[in-house]
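Chemist: Residue numbers (the numbering used here), protein chains in the order written: chain A, 576 to 713; chain B, 3 to 118.
Glycine residues also receive a C-beta, built at the ideal position from the N, C-alpha and C atoms.
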Amino acid sequence: MDQPAVSTPYHPRWLRRRVSTYWWLGKPAYLRFILREGSCMFVGWFTLYLLLLLAAVLEGPLAYELFVAWSATPALLALNVVTLAFVIFHAITFFQAAPQAMVVRLGRTRVPPQAVLLGHYAGWIVVSIVVAFFLLGA
Amino acid sequence: MSRHLEPLLWMLFSAGGVVSGMLMPVLVLLFGLAFPLGWVDAPTYDAIRALLANPLAALVLFALVVLSLFHWAHRFRHTLYDGLQIKHLNEVIAVVSYGVAIVGSGIAAYLLWQLS
């Protein structure tokens, strides 16, 4: 943890302490940060899952059936429960950061940050309903 | 990573964050839990074929896959760099991450093209 910084002769010692690789375990806020960043692994996993689904559909009805059966295995269900939790966490944290990342202007006035946030949530609800409508009606 | 590319990569990361945030929770809920557990009937093969043959649906899905891949690549690279302080492998990690995103985008384009 607090190892002295590496120094060589004729070289100034760095006025830096080495930070532990596990620094993010130190505080709840740091842990939240790493979980938020780590959510990308679940976004990546589900993207792969979608590609596998597309490949199965392209292969034919049997492969599609096998894909749905495979997705009902305990390991996959467990993974997808965790994935659901992480993508929801990802959505909330990403939308929360949106008002800081984008300044929307209407004419000369700035759209209040809360409106940008609410816009994202409204979009999320509408998109979810539309997707569910098409997939459940199919 | 080139300084000219960084803003573009950040834009892709950001767009991917928004698109995946809006679309993924409902898709994980349906394809990951509701369909396999039989809470609701999974779409029949013909129905899902018909849905994927719709150009608008294919375009949305393509955008979701491509942007999510770049979102993952960017965040993964920076988390390894800042979070786990793996700095000496920075370039290798960048090439592999964005490389996976590019290859995955190509696969998505191929699959959706074949399904159209």
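Report all residues from its chain with a CB closer than 8 Å to the CB of Gln671 (chain A); omit the five preceding and five following residues, and keep chain order.
Modeler: Excluding sequence neighbours, Gln671 (chain A) sits near Leu692.
Chemist: Give, in chain order, every unbroken run of the alpha helix (DSSP H) that is at least 4 residues long and sits entirely within the region 594-654 of chain A.
Modeler: List check, alpha helix (DSSP H) in window: 603-634 and 636-646.
Chemist: Using beta carbons (cut-off 9 Å, strictly below), is Met576 (chain A) in contact with chain B?
Modeler: Low per-residue confidence applies at Met576 (chain A): pLDDT is 49, beneath 50, and the placement is therefore not dependable, though the value from the model is reported in the following sentence. Chain B contact via Cβ: absent.
Chemist: Name the two residues that bound the continuous alpha helix (DSSP H) containing Ser83 (chain B).
Modeler: Note on residue identity: the sequence assigns Tyr, not Ser, to residue 83 (chain B). No alpha helix (DSSP H) contains Tyr83 (chain B), which DSSP labels as neither H nor E.
Chemist: What three-state label does DSSP hand Thr658 (chain A) in the structure shown?
Modeler: In this structure, Thr658 (chain A) counts as helix in the three-state DSSP scheme.
Chemist: Note down, in chain order, all residues in the region 7-29 of chain B with a beta-carbon under 8 Å from any beta-carbon belonging to chain A.
Modeler: Those residues of the region 7-29 of chain B that come within reach of chain A (Cβ to Cβ, closer than 8 Å) are Ser16, Gly18, Gly19, Val20, Ser22, Gly23, Met24, Leu25, Met26, Pro27, Val28 and Leu29.
Chemist: Measure the C-alpha to C-alpha separation of Met576 (chain A) and Trp598 (chain A) and round it to an integer number of angstroms.
Modeler: For Met576 (chain A), the pLDDT reaches just 49, beneath the cut-off of 50, and the residue's location in the model is therefore unreliable, leaving the point undetermined.
Chemist: Out of curiosity, what's the CA-to-CA distance linking Val594 (chain A) and Arg611 (chain A)?
Modeler: For Val594 (chain A) and Arg611 (chain A), the distance between alpha carbons rounds to 20 Å.
Chemist: What number of angstroms, rounded off, separates the C-alpha of Trp12 (chain B) from the C-alpha of His76 (chain B)?
Modeler: So the two alpha carbons sit approximately 7 Å from each other.
Chemist: How do the region 654-667 of chain A and the region 22-33 of chain B stand: do at least 3 beta-carbon pairs fall below 8 Å, yes or no?
Modeler: Judged by Cβ distances under 8 Å, the region 654-667 of chain A makes contact with the region 22-33 of chain B, as three or more pairs qualify.
Chemist: Inspect the CB distances between the region 80-98 of chain B and the region 644-660 of chain A and report whether three or more fall short of 8 Å.
Modeler: No, they do not touch.
Chemist: With a cut-off of 8 Å, do at least 3 Cβ pairs link the region 56-68 of chain B to the region 94-113 of chain B?
Modeler: Contact holds: three or more Cβ-Cβ distances are below 8 Å.
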